[in-house]
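So the sequences go chain by chain: A and B. Take the first sequence: its position 215, counted from the start at 1, is 232 in my numbering, and no numbers get skipped. Take the second sequence: its position 77, counted from the start at 1, is 168 in my numbering, and no numbers get skipped. Quick reminder that beta carbons are idealized off the backbone N, C-alpha and C, glycines included. Everything below concerns the one structure shown next.
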Amino acid sequence: MPKLLTTEQMAEFASSGCLFFDELIDEQTNKEFLDDIGHTDIDKADSVNDFYKNIKATSSIPRIPAGTPLKEAFPKNSPLDKIFKNEVVEGAITSLVGSNTIVDHQFLHITFPTKYFNQANQRQMSQANHQDSTIDPRSTFDVQLFYFPTEVTKEMGGTRYHPGTHLRIVNEMAIAKYQNILGQKSIVCKPGTIGIFHSGLWHGAGVNFSENIRYMFKVRLQPTEKQELLWDPEKKYQPLPNRALYWTDETKDQTINDILMRPYPWQEADTNRLDKINVVKFWRLLTGHKKMDVDYWLTRIENELY
Amino acid sequence: MAKRQKVLVLYLKFPSLEAEVISWATFDGTGKKLHMTGDSDTPPYPTGLDALLDGWRLFQASQAIPEQPGEEYRTSYLKHEFFFEKLEEGDF
């Protein structure tokens with residue numbers, strides 16, 4: 018049975034644009050995946066192109082036409098089939114993009130270590146910050162699932178990401194000029210970790226300063242149904258009542274509204290209020306409660322009497 | 092002796108040089124240091140004013156552009172962008 022996300026996890030996704038499941042995939046499946054792609058050490062990799070060519074020629078990772086249902090995408094009992102049938106992975110996907118999601122694309126990202134660049138006499142640079150695909154003003158969102166089959170240490174330059182950026186509408190590499198952004202994070206994880214990003218989340222690959230090759234397998238998934246209360250099929254969710262603003266009562270327990278209203282260190286003093294408004298609008302879509310609000314951000318500006 | 096330009100781009104919390112740095116980029120035309128995305132988690136200066144105090148010369152600042160009618164709540168790029176330079180002399 019798919020293990021659907023909790024309302025707290027959905028609020029976390031609405032606020033930060035990402036969720037992580039540490040060491041979710043078991044050691045045996047990680048090993049099968051690495052064996053399947055012919056994982057080796059860097060001394061045996063002569064060129065990036067040849068390395069990819071070899072994986073494409075020998076691994077069980079299929080060519081998936083864009084728009085293929087996820088359920089039909091991977092060969093039965095292949096490592097990727099097992100990963101997508103994991104109850105937590107299936108539950109998270111169902112909660113975010115539904116049970117009839119389709120594959121947009123997949124890719125095995127490989128980041129070579131310094132030794133390779135030295136041998137090839139090439140400059141080793143990180144990948145610039147970007148938002149995937151193209152400018153995307155939809156309310157519908159896609160998700161990108163990241164699978165890390167090996168441990169990723171800090172030196173390995175795991176995927177850099179910027180929590181809370183997913184609702185900013187930008188045009189792909191047009192954010193490359195932001196070399197560093199306050200609050201930036203890089204994935205450091207144990208083998209078998211799964212990350213799920215909102216398709217709008219700003220990110221980029223780091224530099225691999227270790228001795229080992231770093232892998233990250235990514236699949237972008239699209240919904241085929243409205244993304245409303247998919248994690249709560251019995252529709253039990255009810256918005257919380259208004260609370261006092263500014264002159265607040267700190268003795269009250271933290272609620273999901275605190276998750277939704279979390280500030281991020283990179284947000285400007287003016288625009289961070291719009292970021293909050295957009296999180297509330299996103300939560301309205303996810304919950305189907307068209308008039309709900311958090312901390313009066315939308316109620317205030319919707320009180321139009323003329 | 093040749094001259095080379097170093098460029099520092101700071102994105103600030105609000106459109107005044109007193110504001111805190113929230114994003115930054117450095118490009119070193121002397122070739123002494125190769126900067127790249129994700130190379131530092133700590134801003135080079137706490138505020139734009141601190142960059143001035145350290146000798147960086149401001150040469151461009153973003154303008155205040157009113158939001159497009161109907162798009163007032165749309166969020167996008169970082170707004171408060173300031174370009175600084177330093178010129179360095181040496182044998183490059």
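Quick check on residue i: does DSSP put it in helix, strand or coil?
i, result
"Val114/A", "helix"
"Glu111/B", "strand"
"Asp98/A", "helix"
"Gly212/A", "strand"
"Asp91/A", "According to the sequence shown, residue 91/A is Phe rather than Asp. Three-state DSSP puts Phe91/A in coil, outside helix and strand."
"Asp275/A", "helix"
"Asp67/A", "helix"
"Val105/A", "helix"
"Ala191/A", "helix"
"Ala93/B", "strand"
"Asn289/A", "helix"
"Ala74/A", "helix"
"Thr85/A", "strand"
"Val120/A", "strand"
"Asn320/A", "coil"
Taking residue i as the reference, which of the options has the closest Cα?
i, options, result
"Thr128/B", "Thr138/B, Gly120/B, Ala116/B and Pro134/B", "Ala116/B"
"Asp39/A", "Trp300/A, Lys207/A and Glu319/A", "Lys207/A"
"Pro240/A", "Ser116/A, Glu89/A, Lys48/A and Asn47/A", "Ser116/A"
"Arg237/A", "Asp52/A, Val120/A and Arg260/A", "Val120/A"
"Met233/A", "Met27/A, Ile54/A, Tyr133/A and Ser33/A", "Ile54/A"
"Gln244/A", "Lys70/A, Ala31/A, Phe163/A and Asp58/A", "Ala31/A"
"Ile204/A", "Met18/A, His220/A and Val187/A", "His220/A"
"Asn229/A", "Glu89/A, Glu168/A and Glu104/A", "Glu168/A"
"Thr118/A", "Gly108/A, Phe124/A and Asp67/A", "Gly108/A"
"Val114/A", "Thr157/A, Ser76/A and Ala74/A", "Thr157/A"
"Phe163/A", "Ile127/A, Asn135/A and Gln284/A", "Ile127/A"
"Glu172/B", "Gly139/B, Asp145/B and Leu143/B", "Gly139/B"
Straight-line CA distance for residue i to residue j?
i, j, result
"Asn274/A", "Glu158/B", "28 Å"
"Met190/A", "Asn146/A", "7 Å"
"Met134/B", "Ile213/A", "Note on residue identity: the sequence assigns Pro, not Met, to residue 134/B. If I take the Cα positions, the gap works out to 28 Å."
"Arg148/B", "Pro137/B", "16 Å"
"Gly181/A", "Phe129/A", "29 Å"
"Val106/A", "Phe174/B", "44 Å"
"Thr316/A", "Leu41/A", "40 Å"
"Val172/A", "Asp52/A", "The sequence given here has Glu at residue 172/A, not Val. Computed Cα separation, rounded: 23 Å."
"Val98/B", "Gln154/B", "19 Å"
"Gln271/A", "Pro92/A", "44 Å"
"His215/A", "Met92/B", "51 Å"
"Ile72/A", "Pro166/A", "15 Å"
"Arg155/A", "Phe226/A", "38 Å"
"Gln148/A", "Ile192/A", "8 Å"
"Ala17/A", "Asp159/A", "Beyond the ends of chain A as shown, which are 18 and 323, falls residue 17/A; an answer cannot be given."
"Asp249/A", "Leu21/A", "8 Å"
"Ser112/A", "Lys102/A", "14 Å"
"Lys308/A", "Arg301/A", "7 Å"
"Leu101/B", "Asn197/A", "10 Å"
"Tyr164/B", "Ile152/A", "17 Å"
"Thr288/A", "Ile276/A", "18 Å"
"Asp132/B", "Tyr195/A", "12 Å"
"Glu111/B", "Asp141/B", "10 Å"
At a Cβ threshold of 7 Å, is residue i touching chain E?
i, result
"Tyr136/B", "Looking for chain E here will not work: the only protein chains present are A and B."
Could you tell me which whole beta strand (DSSP E) segments of length 3 or greater appear in the region 28 to 58 of chain A?
Correct list: 35 to 38.
Note down, one range per segment and in chain order, each beta strand (DSSP E) of at least 3 residues found wholly within the region 216 to 265 of chain A.
For the region 216 to 265 of chain A, whole beta strand (DSSP E) runs of length 3 or above, ordered along the chain, are 231 to 239.
Interface residues of the region 205 to 239 of chain A facing chain B [CB-CB below 8 Å]:
The residues in question are Gly221, Gly223 and Val224.
Going along the chain, which residues of the region 148 to 171 of chain B sit with their C-beta nearer than 7 Å to a C-beta in chain A?
In summary, the residues of the region 148 to 171 of chain B whose CB is separated from some CB of chain A by less than 7 Å are Tyr164, Arg165, Thr166, Ser167, Tyr168, Leu169, Lys170 and His171, in the order they occur in the chain.
Residues of the region 114 to 146 of chain B with a CB closer than 8 Å to any CB of chain A: list them in chain order, please.
Answer set for the region 114 to 146 of chain B: Ser114, Trp115, Ala116, Thr117, Leu125, His126, Met127, Thr128, Gly129, Asp130, Ser131, Asp132 and Pro134.
Can you list the alpha helix (DSSP H) stretches of 4 or more residues lying completely in the region 137 to 174 of chain B, in chain order?
Counting whole runs of 4 or more residues, the region 137 to 174 of chain B contains the alpha helix (DSSP H) stretches 139 to 144.
What are the residues of the region 288 to 322 of chain A that lie near chain B, defined by any Cβ-Cβ distance shorter than 7 Å?
From the region 288 to 322 of chain A, only Thr288, Leu291, Asp292, Ile294 and Asn295 have a Cβ closer than 7 Å to chain B.
What are the residues of the region 259 to 291 of chain A that lie near chain B, defined by any Cβ-Cβ distance shorter than 8 Å?
So the list reads Pro282, Trp283, Gln284, Glu285, Ala286, Asp287, Thr288 and Leu291, given in the order they occur along the chain.
Taking any Cβ of chain B, which residues in the region 180 to 194 of chain A have a Cβ under 8 Å from it, in chain order?
Within the region 180 to 194 of chain A, those residues whose Cβ lies closer than 8 Å to any Cβ of chain B are, in chain order, Leu184, Arg185, Ile186, Val187, Ala191, Ile192, Ala193 and Lys194.
What are the complete beta strand (DSSP E) segments, minimum 3 residues, inside the region 122 to 178 of chain A?
Runs found: 160 to 165.
Please list the residues of the region 97 to 109 of chain B that have a C-beta atom closer than 9 Å to any C-beta atom in chain A, keeping them in chain order.
Within the region 97 to 109 of chain B, the residues whose Cβ lies closer than 9 Å to any Cβ of chain A are, in chain order, Val100, Tyr102, Leu103, Lys104, Phe105 and Pro106.
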